[in-house]
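A.B. asks:
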Amino acid sequence: MSTAILTGPPAPGSSLDGDLRSLGFDVKAASGAADAGALLSAVPAGERVALVDPRFVGHVHALRLALTDPRFPAAAAPGAITAQSGARPALARALGAAGDAGTDDLTGALADALDADGVSVHRPQLGTLVATVPTDAEARHAARAAVAAVDDEAVRLRSAVKAHDGFFTTFFISPYSRYIARWCARRGLTPNQVTTASLLTALIAAGCAATGERGGYVAAGVLLLVSFVLDCTDGQLARYALKYSTMGAWLDATFDRAKEYAFYAGLALGAARGGDDVWALALGAMILMTCRHVVDFSFNEANADSVGATAKTGLALSDRLDGLGWTVWARRMIILPIGERWAMIAVLTAVTSPRIVFWALIIGCAFGACYTTAGRVLRSVTRKARRTDRAARALADLADSGPLADVVRGQLSRTGIVRLQPLVLALIASGALLAAVLGRPFGSRQVIVAAVFYVVFSAAAVARPLKGALDWLVPPVFRAAEYTTVLVLAARSDEPQALPAAFGLVAAVAYHHYDTVYRIRGGTGAPPTWLVRVTGGHEGRTLLVTVLAALLADRGDDFTLALTALAVAVALVVLVESIRFWVSSGAPAVHDEGETA
Numbered sequence: 000m001s002t003a004i005l006t007g008p009p010a011p012g013s014s015l016d017g018d019l020r021s022l023g024f025d026v027k028a029a030s031g032a033a034d035a036g037a038l039l040s041a042v043p044a045g046e047r048v049a050l051v052d053p054r055f056v057g058h059v060h061a062l063r064l065a066l067t068d069p070r071f072p073a074a075a076a077p078g079a080i081t082a083q084s085g086a087r088p089a090l091a092r093a094l095g096a097a098g099d100a101g102t103d104d105l106t107g108a109l110a111d112a113l114d115a116d117g118v119s120v121h122r123p124q125l126g127t128l129v130a131t132v133p134t135d136a137e138a139r140h141a142a143r144a145a146v147a148a149v150d151d152e153a154v155r156l157r158s159a160v161k162a163h164d165g166f167f168t169t170f171f172i173s174p175y176s177r178y179i180a181r182w183c184a185r186r187g188l189t190p191n192q193v194t195t196a197s198l199l200t201a202l203i204a205a206g207c208a209a210t211g212e213r214g215g216y217v218a219a220g221v222l223l224l225v226s227f228v229l230d231c232t233d234g235q236l237a238r239y240a241l242k243y244s245t246m247g248a249w250l251d252a253t254f255d256r257a258k259e260y261a262f263y264a265g266l267a268l269g270a271a272r273g274g275d276d277v278w279a280l281a282l283g284a285m286i287l288m289t290c291r292h293v294v295d296f297s298f299n300e301a302n303a304d305s306v307g308a309t310a311k312t313g314l315a316l317s318d319r320l321d322g323l324g325w326t327v328w329a330r331r332m333i334i335l336p337i338g339e340r341w342a343m344i345a346v347l348t349a350v351t352s353p354r355i356v357f358w359a360l361i362i363g364c365a366f367g368a369c370y371t372t373a374g375r376v377l378r379s380v381t382r383k384a385r386r387t388d389r390a391a392r393a394l395a396d397l398a399d400s401g402p403l404a405d406v407v408r409g410q411l412s413r414t415g416i417v418r419l420q421p422l423v424l425a426l427i428a429s430g431a432l433l434a435a436v437l438g439r440p441f442g443s444r445q446v447i448v449a450a451v452f453y454v455v456f457s458a459a460a461v462a463r464p465l466k467g468a469l470d471w472l473v474p475p476v477f478r479a480a481e482y483t484t485v486l487v488l489a490a491r492s493d494e495p496q497a498l499p500a501a502f503g504l505v506a507a508v509a510y511h512h513y514d515t516v517y518r519i520r521g522g523t524g525a526p527p528t529w530l531v532r533v534t535g536g537h538e539g540r541t542l543l544v545t546v547l548a549a550l551l552a553d554r555g556d557d558f559t560l561a562l563t564a565l566a567v568a569v570a571l572v573v574l575v576e577s578i579r580f581w582v583s584s585g586a587p588a589v590h591d592e593g594e595t596a
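Numbering (numbering that gives the first Met the number 0), first residue to last: 0 to 596.
1) Looking at residue 193 and residue 177, is the spacing between their C-beta atoms short of 7 Å?
2) Under 8 Å by Cβ, that's how I've got residue 128 and residue 151 pegged, so tell me the actual separation to the nearest angstrom.
3) Touch check for the stretch 206–216 and the stretch 160–173: three-plus C-beta pairs under 8 Å?
4) For residue 527, count the other beta carbons within 10 Å of its own beta carbon; 16 or more makes it buried, fewer makes it exposed. Which is it?
5) Could you have a look at residue 163 and say whether DSSP puts it in helix, strand or coil?
6) Tell me the rounded alpha-carbon separation between residue 426 and residue 393.
7) Just curious, the alpha helix (DSSP H) that residue 570 is in, first and last residue?
8) With 16 other CB atoms within 10 Å as the buried threshold, where does residue 30 fall?
9) Taking the continuous alpha helix (DSSP H) assigned at residue 62, which residues delimit it?
10) State the beta-bridge partners of residue 24 as determined by DSSP.
11) Helix, strand or coil, according to DSSP, for residue 398 in the structure here?
12) From residue 473 to residue 239, what distance separates their C-alpha atoms?
13) Am I right that residue 18 and residue 59 are in contact with their C-beta atoms under 8 Å? What's the rounded C-beta distance?
14) In angstroms with no decimal places, state the Cα-to-Cα distance between residue 134 and residue 15.
15) Could you check where the beta strand (DSSP E) with residue 208 kicks off and where it finishes?
16) Mapping DSSP to helix, strand and coil, what is residue 50?
17) Residue 530 and residue 576 - do their beta-carbons sit closer together than 7 Å?
18) Are there 16 or more other CB atoms within 10 angstroms of the CB of residue 369, so buried, or fewer, so exposed?
19) Between residue 444 and residue 549, is the Cβ-Cβ spacing less than 7 Å?
20) What does a CB cutoff of less than 7 Å around residue 315 pick up in its chain, not counting 5 residues either side in sequence?
21) Residue 434 to residue 478, Cα distance in whole Å?
22) Using the C-alpha atoms, what's the distance from residue 571 back to residue 191?
23) Mark residue 401 as exposed unless 16 or more other C-beta atoms lie within 10 angstroms of its C-beta, in which case mark it buried.
24) Along the chain, which unbroken stretches of the alpha helix (DSSP H) at least 4 residues long are found entirely within the stretch 479–543?
25) CA-CA distance, residue 511 and residue 302?
26) Secondary structure at residue 351, three-state DSSP: helix, strand or coil?
27) By the three-class DSSP mapping on this structure, what secondary structure does residue 270 have?
28) Do you know whose CA, among 504, 551, 509 and 542, lies nearest residue 562's CA?
29) With distances taken from CA atoms, which of 289, 416, 265 and 114 is nearest residue 463?
30) Just the Cα atoms here: how many angstroms apart are residue 395 and residue 377?
31) Looking at residue 407 and residue 449, is the spacing between their C-beta atoms short of 7 Å?
32) Out of 255, 219, 154 and 22, which one is the CA nearest neighbour of residue 509?
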């Protein structure tokens with residue numbers, strides 16, 4: 000239970016008391032600022048407290064947005080301010096000072112005082128919603144008329160939908176999924192429950208695809224679309240009811256990948272039942288999608304807080320295209336965001352074969368990746384900005400360099416190698432490794448030499464802060480090198496189950512990399528150093544896989560068993576630590592909005 004303190008006697012005929020109680024507040028009325036301070040101090044320290052001007056007139060949803068959003072330590076709207084436990088001391092200090100000074104707009108003065116005290120006060124965008132403090136009868140009458148003129152439930156439904164989403168989601172899902180979200184809210188369902196239902200539906204769809212029968216493929220396509228509707232609904236429910244949570248952030252951030260990868264595996268199993276081995280295509284599609292996301296994440300982190308002017312060159316065309324409405328939708332669609340991608344997968348699964356599904360995925364995602372990456376490279380080379388230490392740290396964390404890199408980096412500190420540009424070093428390392436993996440026979444000892452070369456040059460690439468214009472490409476280059484090495488070695492081993500084992504290994508490592516991204520986004524930093532050391536870092540895992548391939552090349556299915564054991568070990572370690580983190584109080588209290596891609 001939260002507590003709302005009215006800072007004076009309620010106005011006659013006001014519904015404010017009932018509105019606040021409907022939002023879960025225990026309402027208390029104070030006789031003035033001094034009495035409000037006494038009531039504030041009496042509220043248990045761990046509870047949220049709201050101070051509301053008794054003259055407030057406005058929509059219930061305006062109060063909901065201002066007073067119940069759990070993501071912010073403090074928030075305010077005209078006539079109302081709230082503080083969670085961490086911001087309570089600052090609010091108490093501000094209330095004491097305001098009480099001494101006296102002010103007609105107490106809540107506004109408190110919000111300004113919290114800002115001055117270093118507590119960031121969130122002020123939600125209310126749009127057409129009314130939130131005001133009328134000072135006379137005429138103003139009160141006008142405010143009530145303005146409230147009656149706007150349907151706050153309609154506003155609430157509209158605001159449940161993300162402002163910027165893909166074409167398919169905007170026009171084929173959100174027009175009705177928002178009503179499903181409202182239905183769920185009125186029955187007490189939580190976003191986490193809907194997210195879990197979406198995952199279970201996708202897993203059933205993957206099981207249907209694994210049957211290898213046409214009926215199974217049709218059912219899989221339908222269920223995948225149902226899963227996507229639920230995937231949209233959970234975020235809309237969170238926005239509609241303002242039910243954000245740390246667990247919701249973890250579930251929503253990771254289940255999309257789990258659903259997609261499980262469906263890929265189901266399609267590959269179904270194809271195998273029909274005599275068509277498409278595991279290499281399934282793994283290739285997963286690698287391409289993951290690397291594409293790493294490009295997105297790295298670019299965004301590199302530029303999140305960069306300082307300096309941004310050059311107009313390279314941006315003018317995009318600005319002009321934004322003036323043409325149809326080009327906005329066209330550009331959102333051609334990058335194959337999650338809505339369009341899942342719709343394509345569902346339809347092609349129902350009417351074609353898994354091989355066609357994977358080729359369509361690879362071609363579509365490759366085009367989208369080239370389009371977005373080319374634009375970002377152009378913006379980067381024309382951007383006159385300085386990257387911050389935080390951005391460089393984030394890129395280093397995304398690189399996922401392990402203990403071998405730490406050792407080698409110390410030895411290279413006095414050599415000329417580290418003077419080369421980080422991206423050049425990363426490309427040299429990755430190019431030499433992939434050339435050896437592709438050009439030498441499976442099990443060749445020369446591949447190990449190339450992997451050692453990869454360890455050295457990839458360590459040199461992160462020896463200096465990643466602040467160059469194109470240094471955000473270093474993490475995706477490492478991801479492509481590691482994942483592709485596993486794919487090629489498994490494909491060339493001629494062991495029938497090596498590719499499924501490689502699929503599991505890459506999925507486990509990719510989960511670790513996604514988890515790193517979402518931790519950085521939440522402002523809590525990368526996973527602990529011990530986790531990176533235990534999992535070996537990208538260079539350690541790559542070297543280990545090449546050594547296993549050389550040692551086990553002539554020993555039957557031993558290479559497959561080794562990949563399977565490595566996949567299980569990595570998955571267990573990263574999942575246990577990820578679950579521990581996301582359910583802990585130190586995790587960011589956010590609900591992930593999802594990626595358009």
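Glycine is no exception: its CB is placed at the ideal position from the N, C-alpha and C atoms. Source: prediction; values computed, not measured.
C.D. replies: With the given structure in hand:
1) no
2) 6 Å
3) no
4) exposed
5) coil
6) 20 Å
7) 557–581
8) exposed
9) 59–66
10) 1
11) helix
12) 39 Å
13) 5 Å
14) 16 Å
15) Residue 208 -> not in any beta strand (DSSP E); alpha helix (DSSP H) instead, spanning 190–209.
16) strand
17) yes
18) exposed
19) yes
20) Caution applies to residue 315, whose pLDDT of 41 falls short of 50 and renders its modelled position unreliable; the model cannot decide the point.
21) 16 Å
22) 23 Å
23) buried
24) 497–520 and 528–534
25) 23 Å
26) coil
27) helix
28) 504
29) 416
30) 22 Å
31) no
32) 255
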